[in-house]
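The next block holds one structure in the form of structure tokens; read it before the comments.
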Amino acid sequence: MAEPRPYYASNGIEIWHADFRDVLPRYVDSSFGMVLTDPPYGYNYEGMHVKAALSNDTPADIIMIEQSMGEAKRLLVPGGFAAYFCSGSKPAVIASWILGMNEHLAMDAMLIWEKNGIGLGSRYRYCYETILVGRKVG
Numbered sequence: 488m489a490e491p492r493p494y495y496a497s498n499g500i501e502i503w504h505a506d507f508r509d510v511l512p513r514y515v516d517s518s519f520g521m522v523l524t525d526p527p528y529g530y531n532y533e534g535m536h537v538k539a540a541l542s543n544d545t546p547a548d549i550i551m552i553e554q555s556m557g558e559a560k561r562l563l564v565p566g567g568f569a570a571y572f573c574s575g576s577k578p579a580v581i582a583s584w585i586l587g588m589n590e591h592l593a594m595d596a597m598l599i600w601e602k603n604g605i606g607l608g609s610r611y612r613y614c615y616e617t618i619l620v621g622r623k624v625g
């Protein structure tokens, strides 16, 4: 398997399309000002037309989200932020993410991204996404 590399890298900014477990351990403690991630949501999503589930998207995989928050805490400078896009359609999933964040970071904000329209597909979809923002204290 090929070694993961940034999708984009310029002027100290990197964007990765990879598993955090393959990328974040490469970096030293307290070296990030911000971590922004849009991981699988943990609720077995399947598309309407393609019945193939996303990798690492089962309720049991939510533990990976908490693990990534622990890595974010390790990597962030004091006062640094971590933002997690976490869907909007499953309150129980969002609640578990908040509990996980509170284990590692200070919950700073819960933002709602209003997408101004129905989502993709042929039936009703939520048109917003919740974003949890945590801060490293210290």
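Numbered by the working numbering, the letters in the sequence shown go through residues 488 to 625 in order. Note that the Cβ used here is the ideal one computed from N, Cα and C, for glycine as well. This one's a predicted model, so the numbers in the text were calculated from it and none came from an experiment.
Buried versus exposed call for residue i [16 or more other C-beta atoms within 10 Å across all chains shown]
i: residue 600; result: exposed
i: residue 556; result: buried
Alpha-carbon spacing of residue i relative to residue j, whole angstroms
i: residue 620; j: residue 489; result: 32 Å
i: residue 598; j: residue 491; result: 30 Å
i: residue 549; j: residue 497; result: 31 Å
i: residue 615; j: residue 525; result: 14 Å
i: residue 580; j: residue 499; result: 33 Å
i: residue 502; j: residue 523; result: 9 Å
Endpoints, the beta strand (DSSP E) within which residue i is located
i: residue 565; result: 563-572
i: residue 501; result: 500-502
i: residue 497; result: 495-497
i: residue 522; result: 519-524
Where residue i falls: helix, strand or coil (DSSP)
i: residue 620; result: strand
i: residue 601; result: strand
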